[in-house]
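Colleague:
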Ligand code: FES
Ligand SMILES: [Fe+2]
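In this note's numbering, the protein residues as written are 55 to 447.
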């Protein structure tokens with residue numbers, strides 16, 4: 055029986071004690087058209103969330119930002135992700151690197167925010183690190199026996215770059231970024247990502263689990279309803295999920311024009327050299343664990359959902375265009391139509407995800423079913439279970 059005053063009952067007490075027993079996920083494991091959605095505790099339980107952090111975010115490649123955020127030697131920004139404080143910095147050799155943002159002396163956080171520096175200097179006792187992480191100054195350490203500065207550089211975190219997208223990985227045993235992304239790299243080669251310029255980076259805080267927005271982006275079911283007033287020109291068409299080899303799912307939708315614009319607005323010319331079907335529609339890769347991309351004929355937007363706890367997500371949205379487009383004299387004027395589109399539809403999605411979170415909090419919530427226009431939700435759910443519960447669940 056349920057407690058009469060649910061609000062006084064710890065939420066975890068409503069979840070099975072053997073939450074990680076595969077028996078609870080049999081419905082999610084069925085073929086898509088027979089499958090159920092994830093049980094609600096996968097979105098609201100602290101225990102499930104912690105396991106996701108350990109087994110997903112600490113193990114896989116996580117998108118960080120575009121390299122053009124730090125174009126010059128010494129440019130840096132800090133990035134705190136699943137509780138790990140990092141600093142991302144470009145060296146004097148032009149190479150971008152990630153380090154643990156924790157002093158090798160007695161552990162203080164070294165920097166905040168973003169900027170440009172000759173050295174990263176810890177404010178506590180003034181140990182100073184070169185942009186490549188070497189400890190270059192440590193005052194008053196002369197009497198410390200066997201103290202070798204070269205052994206006290208910043209702790210590096212694996213960072214690899216694909217087409218200007220920087221990714222970090224906390225696991226030294228993980229495969230390379232190239233192997234992680236698989237055939238996403240050859241599929242998207244004609245977008246020429248190295249030439250993209252990020253023109254806006256916008257952040258939202260959402261009262262929902264990180265998976266909800268990631269799932270929302272990957273399904274078309276909601277478009278005529280949730281975005282009925284804004285994206286309703288989009289034709290109702292069943293686009294089957296793409297076969298993929300790599301840590302991503304994808305949809306391709308063939309249509310005229312750019313999906314980064316609302317009906318009636320005019321935009322920029324197409325990306326030069328865009329080839330084949332990519333020049334005739336939009337490609338939507340959802341890169342695990344939580345980066346969603348909308349690659350259009352004229353530019354792209356990219357969304358990352360950062361887990362801040364089971365009920366809290368930071369959403370970061372990048373808008374990018376080819377360099378030639380950004381250099382157009384009418385760029386600032388025309389780009390407003392693109393911002394209008396994103397600033398209208400993303401809040402609509404945010405609202406839905408927050409409603410979903412609130413509904414999932416009900417002790418009477420039960421798993422639902424998957425429709426033909428949201429098959430990737432099932433793929434995402436199973437990718438998460440493969441890691442949180444195990445492949446053979
Ligand atoms: S903690 Fe950084 S210099 Fe002492
Ligand atoms: Fe949407």
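Glycine included, every Cβ here is placed at the ideal spot set by N, Cα and C.
1. Based on DSSP bridge pairs, tell me the residues matched to residue 320.
2. In whole angstroms, what is the alpha-carbon distance linking residue 169 and residue 80?
3. Taking Cβ to Cβ, would you say residue 338 is nearer than 8 Å to residue 315?
4. Which residues count as close to ligand 4 when the rule is a CB under 5 Å from any of its heavy atoms, in chain order?
5. Kindly indicate which residue of 415, 159, 139, 163 has the alpha-carbon position closest to the one of residue 152.
6. From what residue to what residue does the alpha helix (DSSP H) around residue 430 run?
7. Hey, quick one: how far does the beta strand (DSSP E) through residue 370 stretch, first residue to last?
8. Please say whether residue 155 and residue 121 have beta carbons closer to each other than 8 Å?
9. Name, in chain order, the residues that DSSP records as bridge partners for residue 308.
10. According to DSSP, is residue 100 part of a helix, a strand, or is it coil?
11. Would you list, in sequence order, the uninterrupted beta strand (DSSP E) runs of no fewer than 3 residues that lie entirely inside the region 164-232?
12. When you compare each of 350, 348, 369 to residue 261 by their alpha carbons, which one comes out closest?
13. Could you name the residues of the same chain whose beta carbon sits closer than 8 Å to that of residue 162, not counting the 5 residues immediately before and after it, in chain order?
14. Taking the alpha-carbon positions, what's the residue 363 to residue 383 distance?
15. Taking 7 Å as the cut-off, does the CB of residue 270 come closer than this to any heavy atom belonging to ligand 2?
16. Expressed to the nearest angstrom, what Euclidean distance is found between the alpha-carbon atoms of residue 149 and residue 188?
17. Here's a check: name, in chain order, each residue in its chain whose Cβ is nearer than 8 Å to the Cβ of residue 235, leaving out the five neighbours to either side.
18. Under 7 Å from any heavy atom of ligand 2, does the C-beta of residue 239 make it?
19. Considering only C-alpha positions, which residue in the set 292, 249, 394 is nearest to residue 313?
20. Using a Cβ-based criterion (distance less than 7 Å to any ligand heavy atom), does residue 277 qualify as near ligand 2?
21. Counting only the same chain and skipping the five closest in sequence on each side, list residues whose C-beta sits under 8 Å from that of residue 238.
22. Look at the alpha carbon of residue 64 and the alpha carbon of residue 95, and state the distance between them as a whole number of angstroms.
23. Thinking just about the alpha-carbon of each residue, which of 427, 100, 442, 441 is nearest to the one in residue 291?
24. Helix, strand or coil for residue 241, going by three-state DSSP, please let me know.
25. Could you tell me whether the region 350-366 touches the region 323-335, using the rule of 3 or more Cβ pairs below 8 Å?
Modeller: The answer reads as follows:
1. For the purposes of this step, residue 320 is taken as residue 266 along the chain shown, with counting starting at 1. Looking at the DSSP assignment, residue 320 forms no beta bridge with any residue, so it has no partner.
2. Counted from its first residue, the chain shown places residue 169 at position 115. Counted from its first residue, the chain shown places residue 80 at position 26. Each residue's alpha carbon lies about 50 Å from the other.
3. On the chain shown, residue 338 is found 284 positions in, with the first residue counted as 1. On the chain shown, residue 315 is found 261 positions in, with the first residue counted as 1. No. Outside cutoff.
4. No copy of ligand 4 occurs in the structure displayed; its ligands are ligand 1 and ligand 2 alone.
5. Counting from 1 along the chain shown, the entry for residue 152 is found at position 98. Of the listed residues, the one whose Cα sits closest to residue 152 is 139.
6. Locating residue 430 in the chain shown gives position 376, where the first residue counts as 1. Residue 430 -> alpha helix (DSSP H) spans 429-442.
7. Along the chain shown, one-based indexing puts residue 370 at 316. Residue 370 -> beta strand (DSSP E) spans 367-376.
8. Counting from 1 along the chain shown, the entry for residue 121 is found at position 67. Counting from 1 along the chain shown, the entry for residue 155 is found at position 101. Result no, Cβ atoms of residue 121 and residue 155 do not sit closer than 8 Å.
9. Here the question's residue 308 lines up with position 254 in the chain shown. Answer by DSSP bridge pairing, in chain order: 335.
10. By 1-based counting over the chain shown, the position of residue 100 is 46. If DSSP states are grouped into helix, strand and coil, residue 100 belongs with the helices.
11. 168-170, 189-191, 210-216, 219-223
12. Here residue 261 refers to the residue found at position 207 when the chain shown is read from its first residue. The candidate whose alpha carbon is nearest that of residue 261 is 369.
13. Within the chain shown, numbered from 1, the residue matching residue 162 stands at position 108. Closer than 8 Å at the Cβ level, and outside the excluded window around residue 162, lie 156, 176, 177, 178.
14. Counting from one through the chain shown, the residue named residue 363 turns up at place 309. Counting from one through the chain shown, the residue named residue 383 turns up at place 329. In a straight line, the C-alpha of residue 363 is about 43 Å away from that of residue 383.
15. Working through the chain shown from its first residue, we reach residue 270 at position 216. Indeed, a heavy atom of ligand 2 lies less than 7 Å from the Cβ.
16. On the chain shown, position 95 is the one that residue 149 refers to. On the chain shown, position 134 is the one that residue 188 refers to. Taking the straight line from one Cα to the other gives about 14 Å.
17. Here the question's residue 235 lines up with position 181 in the chain shown. Counting only Cβ-Cβ distances below 8 Å, and skipping sequence neighbours, we find 115, 216, 300, 301, 302, 341.
18. As a first step, residue 239 is located in the chain shown; it is residue number 185 there, counting from the start. Not under cutoff, so the answer is no.
19. As a working mapping, residue 313 is identified with position 259 in the chain shown. Selected option, being the one with the closest Cα: 394.
20. To locate residue 277, count along the chain shown from 1; it is residue 223. Yes, the Cβ of residue 277 comes within 7 Å of a heavy atom of ligand 2.
21. Your numbering for residue 238 matches position 184 in the chain shown. The residues are 298, 300, 302, 304, 339, 341.
22. As a position in the chain shown, residue 64 is number 10, starting the count at 1. As a position in the chain shown, residue 95 is number 41, starting the count at 1. Going by the C-alpha atoms only, they are around 13 Å apart.
23. For the purposes of this step, residue 291 is identified with residue 237 of the chain shown, where counting begins at 1. Taking only the C-alpha atoms, the option nearest residue 291 is 427.
24. The residue you call residue 241 lines up with position 187 of the chain shown. Note: residue 241 maps to helix in three-state DSSP.
25. yes
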